[in-house]
Every structure is written in structure tokens, then in C-alpha cells.
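Participant:
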Amino acid sequence: MRKKTKILLITATGVILLASGAAIFFYQAVFGPSVNMKNQQETLHLYLSDTDTYDSVFAQLDRNEALRNATIFDYLAKRKGYKENIEPGHYEIARGVSNNELINRLISGDQTPVRVTFNSIRTPEYLAAVLAWQLMPDSMDFIHFFHDTAALIKTGIHPDSLVAVLLPDTYEFYWTATPEIFLQRMQKEAKNYWASRRELARKQNLTPWQVITLASIIEKETQKNDEKPVIAGVYLNRLRKNIKLQADPTVVYAVGDFKLRRVLKAHTKTDHPYNTYKYAGLPPGPICVPSKTSIEAVLQPEKHNYLYFCAKEDMSGYHNFAAS
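Yeah, the sequence shown ends on 860 if you go by this note's numbering, and it's all consecutive.
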């Protein structure tokens with residue numbers, strides 16, 4: 537009898553130990569550090585589009601060797617309903633995150649913002665391509681929206697003044713941001729930017745639109761930020777004296793050949809409203825999206841009596857200036 541009791545106690549103890557071990561293993565697999573990284577990376581950037589399925593998400597994690605216990609991850613995904621509820625977005629996953637935390641994060645759609653940068657934009661089509669490299673919507677989504685008059689007006693943007701709300705910089709967006717969300721953000725940024733600069737524009741007898749237009753010419757005249765206020769001063773002097781701007785970048789825009797390296801006399805005769813060799817004053821609108829440094833150069837130009845400038849012979853990218 538004692539022997540049988542002893543055997544039962546040993547068996548019971550073994551079962552308890554096994555059960556405890558299994559419970560500890562399960563707890564660790566669910567709540568313990570579970571996300572691994574190949575190549576000793578500290579974070580994994582997971583990009584999930586609106587066409588991704590659970591299988592493609594799992595494959596992406598597996599391809600990056602991110603799951604120490606794929607079976608438990610799969611179990612939790614099924615248990616918590618993630619398999620049928622994939623939330624698109626960019627997720628930055630740190631090494632050591634638990635399976636439970638990872639699943640909860642993916643289910644909630646708790647995205648990590650991405651940094652979106654754009655500059656030197658000439659056309660809506662080019663901007664669309666640049667944005668498509670950095671956000672989930674493809675270039676055609678952006679192009680269609682940029683050319684959809686009704687959609688732009690609904691957003692509060694006049695189709696002819698799209699450039700006016702674009703301020704080249706680096707911004708944070710959710711990767712899933714739509715074209716509408718992008719432009720709404722740009723409109724807000726532009727409104728804040730010009731709130732404290734309208735008076736500076738008025739002092740130059742220019743509207744913000746005219747400032748952007750002149751800044752776009754300066755943007756294409758020089759890449760030297762320290763020279764931009766000088767060039768701005770030249771063009772403002774010419775405007776005040778009713779002298780044609782005769783800006784080569786406007787001819788390039790009028791000709792439509794953005795690879796044109798040298799403007800010839802024949803090019804300057806092109807009959808186009810943006811050709812400032814043929815028509816006096818500013819062109820009807822910007823020839824590109826100017827940088828903030830070019831805009832600031834127009835708002836705070838260098839005061840001088842220069843009316844002309846030409847490229848220096850040393851090929852430095854700088855210019856010689858003259859009053860006559």
C-alpha cells in the first residue's frame with residue numbers, strides 16, 4: 537500500500553512538474569522576448585500593404601528570421617483574430633518584443649511614422665513618383681488626385697495653385713497616407729509658414745504666389761544658397777525698373793526640354809507666356825517647387841544696384857554681378 541502511494545505521489549509530482557514546465561514554456565513563448573533579428577539588427581521595418589494577407593505577413597517575418605517561436609505566433613494570430621484582420625502600415629519592431637505584444641501591435645494598426653522628403657520638383661507627375669517611393673499609394677493614385685479638379689477643390693486647393701502649398705522639406709507621415717491626407721498636411725504647413733511671412737512679401741510688393749514664382753526661378757538659377765539673396769535682388773531690381781527678367785530657366789520651361797544645358801538665341805524667341813525673354817514681368821506661375829531657401833531669398837533679398845549676372849569662368853557655380 538505504501539509502495540503504491542509512493543508511486544502515485546511520484547507520478548503526480550512528475551505530472552505537476554511537466555505541467556508547470558509546459559506552462560512556463562508557454563508563458564515565455566507568449567510573453568517573453570520572442571522577436572529575433574538576422575544580421576544582429578536591432579529593429580525590423582515591416583511594411584504591410586492593403587493587399588497583404590496573413591500568409592504574406594508571416595512570410596515576411598519568416599524571411600527576416602524574426603520569429604523564435606513561429607508556432608506560438610501562429611496560434612496567437614488565430615486566437616486573436618489577426619488572420620482575418622490585417623492592418624496595412626509601417627511597423628517598426630524592436631528586437632526582444634514578445635509574440636503577444638507583436639500580435640497586439642499588428643492588430644491595433646499602431647504604425648510607426650515614416651519620413652517623407654521631396655525637393656526639386658518640376659511637375660505633379662514627378663512629385664507623384666517621388667511620393668510613391670516613400671508611401672503606400674502608387675504614383676497613379678497621386679497623379680489622378682493631383683489632376684482631379686473636384687477633389688482638389690474639396691481639399692481647399694485650387695488646381696492652378698497646387699505648387700503654392702508644397703514646401704520642400706522632410707515630414708513625418710503614416711506610410712498609408714492617401715494623396716488627400718498628404719495635400720491636407722501640405723496645405724496646413726503652407727498656411728503656418730505664410731502666416732508670419734505675408735508682411736515680408738508685401739514689403740517687396742509681391743503676393744505669396746509671386747514670391748513662390750520668383751523663388752522658383754532662383755531655384756533653377758543657382759544651387760548656392762549663399763548667393764540666392766543676391767540673385768533675388770537682381771530680379772527685384774529689374775522688376776522695379778520694368779526690365780524683362782530674361783531668366784534662362786524660364787526659357788527651359790517654355791521649350792519643355794529640362795535636359796537643355798545651354799540656352800541659345802533661338803530658344804529665347806520661343807512664344808510662350810513663361811518665356812521672360814519675350815514677356816515682361818513674372819511668368820504666370822512657378823516653374824518648379826522652390827526650396828525654402830529660395831523663398832526666403834525673395835522675402836529678404838540683398839540690397840544692391842545689380843541688374844545683370846553671368847556664370848563665373850571658374851565653373852564654381854557662382855556668378856559675376858554687374859549694375860550695367
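Note that CB positions come from ideal geometry on N, CA and C, so glycine has one too.
Using CA atoms only, rank isn't needed, just tell me which of V699, S634, L603 is closest to Y662.
Facilitator: Here residue 662 corresponds to residue number 126 of the sequence shown, with the count starting at 1. Checking every option, the nearest Cα to that of Y662 belongs to V699.
Participant: In the DSSP assignment, what are the bridge partners of A613?
Facilitator: Here the question's residue 613 lines up with position 77 in the sequence shown. In the DSSP output, where bridge partners are listed per residue, A613 has none listed.
Participant: On the CB-based measure, 16 or more other CB atoms within 10 Å of its CB, does N741 come out buried or exposed?
Facilitator: As a working note, residue 741 is residue 205 in the sequence shown. So N741 counts as exposed.
Participant: Excluding the 5 residues preceding and the 5 following T579 in the sequence, name in chain order all residues of the same chain whose CB lies nearer than 6 Å to its CB.
Facilitator: What you label residue 579 is simply residue 43 of the sequence shown in a count that begins at 1. Same-chain partners within the cutoff: E628, A630.
Participant: Measuring only the C-alpha atoms, how far is T743 from R774?
Facilitator: The residue given as residue 743 occupies position 207 in the sequence shown. The residue given as residue 774 occupies position 238 in the sequence shown. Those two C-alpha atoms are separated by around 17 Å.
Participant: Could you tell me the boundaries of the alpha helix (DSSP H) in which F678 lies?
Facilitator: Counted from its first residue, the sequence shown places residue 678 at position 142. Unbroken alpha helix (DSSP H) run through F678: 675-682.
Participant: Using only the alpha-carbon positions, how far apart do N841 and P809 sit?
Facilitator: For this step, residue 841 is matched to residue 305 along the sequence shown. For this step, residue 809 is matched to residue 273 along the sequence shown. Those two C-alpha atoms are separated by around 27 Å.
Participant: When you compare only the Cα positions, how much space is there between L750 and H626?
Facilitator: In the sequence shown, the residue the question calls residue 750 occupies position 214. In the sequence shown, the residue the question calls residue 626 occupies position 90. Those two C-alpha atoms are separated by around 38 Å.
Participant: Rounded to whole angstroms, how far is the Cβ of I608 from the Cβ of N635, which I believe are closer than 8 Å?
Facilitator: The residue given as residue 608 occupies position 72 in the sequence shown. The residue given as residue 635 occupies position 99 in the sequence shown. At roughly 5 Å, the Cβ-Cβ gap stays under 8 Å, so I608 and N635 are in contact.
Participant: Using only alpha-carbon positions, find the residue among A802, L796, C846 that is nearest to E763.
Facilitator: Here residue 763 corresponds to residue number 227 of the sequence shown, with the count starting at 1. Looking at the Cα atoms, C846 is the closest of the given residues.
Participant: For L669, which of L582, N621, W711, L772 has the nearest alpha-carbon?
Facilitator: As a first step, residue 669 is located in the sequence shown; it is residue number 133 there, counting from the start. According to the sequence as given, residue 669 is Trp; it is not Leu. Cα-wise, what sits closest to W669 is W711.
Participant: In angstroms with no decimal places, state the Cα-to-Cα distance between H803 and L781.
Facilitator: Locating residue 803 in the sequence shown gives position 267, where the first residue counts as 1. Locating residue 781 in the sequence shown gives position 245, where the first residue counts as 1. Between H803 and L781, the C-alpha separation is close to 15 Å.
Participant: Output needed for N761: all residues of its chain with C-beta closer than 7 Å, excluding positions within five of it in sequence on either side, in chain order.
Facilitator: Taking the sequence shown and counting its residues from 1, the one referred to as residue 761 is at position 225. So the qualifying residues of the chain are T829.
Participant: Helix, strand or coil: how does DSSP classify V633 here?
Facilitator: Position 97 of the sequence shown holds residue 633. Correct three-state label for V633: coil.
Participant: Could you tell me the boundaries of the alpha helix (DSSP H) in which V650 lies?
Facilitator: Within the sequence shown, the letter at position 114 stands for residue 650. First-last for V650: 650-654, but that is the beta strand (DSSP E), not the alpha helix (DSSP H).
Participant: Pairing CB atoms from the region 705-721 with CB atoms from the region 637-653, are three or more of them under 8 Å?
Facilitator: Touching, yes.
Participant: In the DSSP assignment, the alpha helix (DSSP H) including F718 goes from what residue to what residue?
Facilitator: Within the sequence shown, numbered from 1, the residue matching residue 718 stands at position 182. Counting along the chain, the alpha helix (DSSP H) containing F718 begins and ends at 715-731.
Participant: Quick one: using the 10 Å Cβ neighbour count with 16 as the cut-off for buried, is K727 buried or exposed?
Facilitator: As a first step, residue 727 is located in the sequence shown; it is residue number 191 there, counting from the start. Its Cβ having fewer than 16 others within 10 Å, K727 is exposed.
Participant: Quick one: what's got a C-beta closer than 7 Å to G645's C-beta in the same chain, skipping five residues either side?
Facilitator: The residue you call residue 645 lines up with position 109 of the sequence shown. The answer, listed in chain order, is E623, G625.
Participant: Whose C-alpha, out of E849, F794, T659, is nearest the C-alpha of C824?
Facilitator: As a first step, residue 824 is located in the sequence shown; it is residue number 288 there, counting from the start. Checking every option, the nearest Cα to that of C824 belongs to T659.
Participant: Is DSSP giving A783 helix, strand or coil here?
Facilitator: As a working mapping, residue 783 is identified with position 247 in the sequence shown. Here A783 sits in coil by DSSP.
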